[in-house]
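Trainee:
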Amino acid sequence: MSTEPRILFTPRVDAQAYASGVTARAHHAAVLANLANDATGGHPGQRFGIGQRTAGGTYHWFYRRTAVAKHLVLRATVATTGGSYTAGHGAVLTLTVTDGTNTVSTTPTIPPGLDGGDTWQPINTTALRTETFAHYEWTMSLDALAATLTASDNWRVKLVATVGATAFLESFQAEELPRWLVDTADSYGQIPTDYLPRGVIRDGATGLQRIWATARVGYTDALRTYHAQVRPEADPWSSTSTAAYEPLGGDIESGTTPITYVCRPRRMRGTTRCKVRWRLRYRTVGMSSVSHTASVQLLTGHASSPFAVTLADTAGTWTDTAAQTAYLITDGTDRLDTISFLAKTQSGTLEVSSRWVADDPD
Amino acid sequence: MGRVSLTTIERWLHLPTPGGSDDHLRADHAGSSGLFQILGSNATHLARENGLRVLWEDRGGEFWEDLDAGGGSNDPLYLRWEDLDADGVYVRFAGVHRVRLWGETAGLPRITLKCRAAAPSTYTVGVALVVTEPGASPISRTAGAYAVATTTSTSITTLTATLSTYPLAHLEGIGRDPSTRAIEERGDHTVVALWVGAWCTSGSSGGKGSLSGPTVFLRPPDPYT
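First to last, the sequence lines map onto chains A and B. Residue 1277 in this note's numbering sits at position 34 of the first sequence, and the numbers go up by one each step. Residue 140 in this note's numbering sits at position 95 of the second sequence, and the numbers go up by one each step.
#1: Take His1545 of chain A and list the residues in its own chain whose beta-carbon comes closer than 7 Å to its own, dropping the five residues that flank it on each side.
#2: Starting from Leu1402 of chain A, follow its DSSP beta bridges and name the residues at the other end.
#3: For the region 85-108 of chain B, which residues have a CB atom closer than 9 Å to at least one CB atom of chain A, in sequence order?
#4: List, in order along the chain, the chain A residues whose C-beta lies closer than 9 Å to that of Ile201 of chain B?
#5: Between which two residues does the beta strand (DSSP E) containing His1314 of chain A stretch?
#6: Count the other CB atoms, across all protein chains shown, that sit within 10 Å of the CB of Ala1404 of chain A; report buried if there are 16 or more and exposed otherwise.
#7: I'd like the span of the alpha helix (DSSP H) that includes Asp1223 of chain A, first residue to last.
#8: Can you give the Cα-Cα distance for Arg1510 of chain A and Thr1368 of chain A, rounded to whole angstroms?
#9: At the 8 Å Cβ level, is Glu178 of chain B part of the contact set with chain A, yes or no?
#10: Of the choices A:Glu1476, A:Met1244, A:Ala1566 and A:Thr1536, whose alpha-carbon is the least far from that of Thr1483 of chain A?
#11: List, in order along the chain, the chain B residues whose C-beta lies closer than 9 Å to that of Gln1472 of chain A?
#12: Can you tell me whether Pro265 of chain B is buried or exposed? The criterion is at least 16 other CB atoms within 10 Å of its CB, across all chains shown.
#13: Determine the burial state of Ile1434 of chain A: buried for a count of at least 16 other Cβ atoms within 10 Å of its Cβ, exposed for fewer.
#14: Give the interface partners of Trp1455 of chain A over in chain B, defined as CB-CB distance under 8 Å, in chain order.
#15: When the cut-off is 8 Å and only beta carbons count, does Gly220 of chain B lie next to chain A?
#16: What residues match up with Arg137 of chain B in a beta bridge as DSSP calls it?
#17: Select from A:Gly1356, A:Phe1305 and A:Thr1352 the residue whose C-alpha is nearest the C-alpha of Arg1524 of chain A.
#18: Have a look at B:Asp222, B:Val241, B:Asp103 and B:Thr167 and flag the residue whose alpha-carbon is nearest the alpha-carbon of Ala206 of chain B.
#19: Which residues in the same chain as Gly1299 of chain A place their Cβ atom closer than 6 Å to its Cβ, once the five residues preceding and following it in sequence are excluded?
#20: Residues of the region 1571-1594 of chain A in Cβ contact with chain B at a cutoff of 7 Å, in chain order, please.
#21: Please list the partners that Lys159 of chain B has in chain A, where partner means a Cβ-to-Cβ separation under 7 Å.
#22: Consult DSSP for Ala1566 of chain A and reduce its assignment to one of helix, strand or coil.
#23: From this set, B:Asn119, B:Gly117, B:Ala131 and B:Val136, which residue's C-alpha is nearest Arg125 of chain B's C-alpha?
#24: Within the chosen definition, does the region 1329-1345 of chain A reach the region 1484-1499 of chain A through at least 3 CB pairs nearer than 8 Å?
#25: Tell me whether Asn1397 of chain A sits in a helix, a strand or coil according to DSSP, three-state version.
#26: Residues of chain B with a CB under 7 Å from the CB of Ser1348 of chain A: which are they?
#27: Within 10 angstroms of the Cβ of Asp1602 of chain A, are there 16 or more other Cβ atoms? Answer buried if so, exposed if not.
#28: Measure the alpha-carbon distance for Thr196 of chain B versus Leu204 of chain B and round it to whole angstroms.
#29: If you run the structure through DSSP and keep just helix, strand and coil, what is Phe18 of chain B?
#30: Helix or strand or just coil, what does DSSP make of Tyr211 of chain B?
#31: Determine the contact status of Thr1297 of chain A and Thr1375 of chain A, defining contact as a CB-CB distance below 8 Å.
#32: Kindly indicate if chain B contains any beta-carbon less than 8 Å away from that of Tyr1379 of chain A.
#33: Are the C-beta of Arg145 of chain B and some C-beta of chain A separated by less than 8 Å?
#34: Of the residues B:Ser66, B:Leu112, B:Val176 and B:Leu129, which one's Cα is nearest the Cα of Thr210 of chain B?
#35: Terminal residues of the continuous alpha helix (DSSP H) containing Trp1455 of chain A?
#36: Taking its Cβ as the centre, do 16 or more other Cβ atoms sit within 10 Å of Thr1485 of chain A, making it buried, or is it exposed?
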C-alpha cells in the first residue's frame, strides 16, 4: 500500500497537450492522475441536515455509502431562544446509523459528543441571540461505520435532539469531507509520482489503467444529494387524501400546489436527463384494511414524471422504502429542475418523516 | 491570434471498463492522443460537475416584519436576525458548507437562493442570501456578501438571489481513526457560512408575506450555465 497526501486543486489539462505527434512525457500522465484524483475525491457531494431551528425532535436521513468519501463532517449550532436563559440549557445530540439490519450507536465510531452524553450549550448567553450561537463540529469515520454496517450500503442516520427550553438547536448539517490522501489500497486514486521522467510505466496499480479507474469511480460513486428534507417524527408530513394525489400536509405552497425545491442535476453522459434514486421514511396509521396502500409521487421536469411508489400498510411502524428510480432533467432553463411530492392513501393517514433524492448514474 | 484552449467537451464519454480486455490503457497497448484527450476531458468535466450541489433547503414560512431602520436600502444587515418565527420574521442560519473554486477554471461558483414568495397587497416582500465567515454574525458582518430579491406580487412568484462574489474562509478538515485517534488525513478546504432571511414591509400580522421552498445551491460562474 502506498499513500501520498494531496491538496485540493483542479489542474488544467489542455487537450493540445495530447495532440498527435507530441512526445509523451511523464508529466502528461502525472497531471492526468492529479486531475482524476481531484475530480473523484475532491468534491464529494452527499449531505443532510435540518432546514430550520428546532426545540428538539427525532430526525432521520438517508445516506449511501460509496467508495469516495472516508469521513463525514457534522456541524451543530446551538443558540438561546432570546429570552431569559437558564444556565445549563443546550442540546443533547444522540446519533445512530443503521443499514437496516445492523446499527452503530456507541463511541468511538459515533463521535464522542454525539452519543447523548454531553449538553452542547450556547455562548455569550446574555447577548443578542445571534451572538449566542455556539458552533460545534465532529468528524465520523465511514470506514469504521462500514465495519459494522455490512448488510447494505443504503444507510439511515438518526438524530435525537433533546433541547432545553431556553435553547434551540439552530442548525445541524452534515457533508462528506474531501480526500486529502491518495491511497492505493482504495478502489481509486493514482499517485502522480508513479510517473517519473524517463521511468517505465508499469501495468497494474501504478499503470495508466488506474487513472481511468479513478475517474470512473468519480462518475459512479461521487454522488450529489439533490433533496434531503426531514421533519421530526412527532410532526411529520401527512396525507389523508383518498381520491386524488394532493400535497402532503406541511408541504403546501398554496391550495393544491406542493412546495417545489430547485436543484441543478449533474449533466454527464446525456444532455437531457440525470438518473436519481429516491427514498422515503413513512408509516401508515389507521388503515381500515391491511390490503390498503398509500402512494407518493415524486414530480420532476422529466417527461416520465411523476414517479410513484406504492406503500404497504405498516400499522403505525416507521418504515424505509427501497430505493426508487427517477429522472431529473439537465436541459431546463439555467439547467435547473424542480422536485416536489404528492401523496394519497386508500384509508387512514400516511405520514412521511424523511425524503431523499440523490444521484444514481447510469 | 491567441491559442485556442480546450479542456473539456463538457460531457462524459464512457471508455471500456478499467482492467478489462478492451481497456486501451492496459499494458503493451499504445495510447492514442484521442484516448488521453478523452481522459482529460472526462476528468475535467467531472471535476466541474461534482463541484456543484445543493447546499441547503427549507420549507419556508410566513412573516410580516419589515427591516429595521435603514431598511429602505434592502440591506439584510437590518433583518431581524435575532428574532424568531413567532415574532413574524423568517431568518435561518443555513450552515457551513464546503465551496471550492470551479474546476480548472478556478472561477468562484455562483451561490443562488431560489424560492417562491408572495407579498400582501400594496406591500413588498424581500428575500436575502448572506454569506459570512464561519462564526460571524450576519449583524456584525465585517467580511461578507449578500444578494436580495424583492416582489410586490400577491400571486406566488419565483425569486432568485445570486451571489457571484463572496469571501471563502479556510477550515482544516481532519479525518481520524476513531479507535486510535490517529489522524488518517487532514487538509485545508474552503467554506462559506450561509444565512437566509425574508422581510415584509407590512409590519403587521394582518398582512403576511409567504415564502416556500427556499433552496441554496451552487452554479457555475458566469458565463457558464
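Note that the Cβ used here is the ideal one computed from N, Cα and C, for glycine as well. These figures come from a predicted structure and were not determined experimentally.
Mentor: The relevant details are as follows:
#1: Arg1516, Tyr1570, Leu1571 and Ile1572
#2: A:Tyr1302 and A:Leu1338
#3: Gly85, Ser86, Asn87, Ala88, Thr89, His90, Leu91, Ala92, Arg93, Glu94, Asn95, Gly96, Leu97, Arg98, Val99, Leu100, Trp101, Glu102, Asp103, Arg104, Gly105 and Gly106
#4: Glu1496, Ser1497 and Thr1500
#5: His1314 to Thr1323
#6: buried
#7: Nothing can be reported for residue 1223 of chain A, as the shown portion of chain A is limited to 1244 through 1605.
#8: 47 Å
#9: no
#10: A:Thr1536
#11: Glu102, Asp103 and Arg104
#12: buried
#13: buried
#14: Leu60, Pro63, Asp68, Leu70 and Leu84
#15: yes
#16: B:Val241
#17: A:Phe1305
#18: B:Val241
#19: Ala1404, Thr1405 and Val1406
#20: Asp1577 and Arg1578
#21: Val1505
#22: coil
#23: B:Val136
#24: no
#25: strand
#26: Under the 7 Å cutoff, chain B gives no residues; its nearest Cβ is about 13 Å from Ser1348 of chain A.
#27: buried
#28: 8 Å
#29: This structure leaves residue 18 of chain B out entirely; chain B is present only between 46 and 270.
#30: coil
#31: no
#32: no
#33: yes
#34: B:Val176
#35: Gln1452 to Thr1463
#36: exposed
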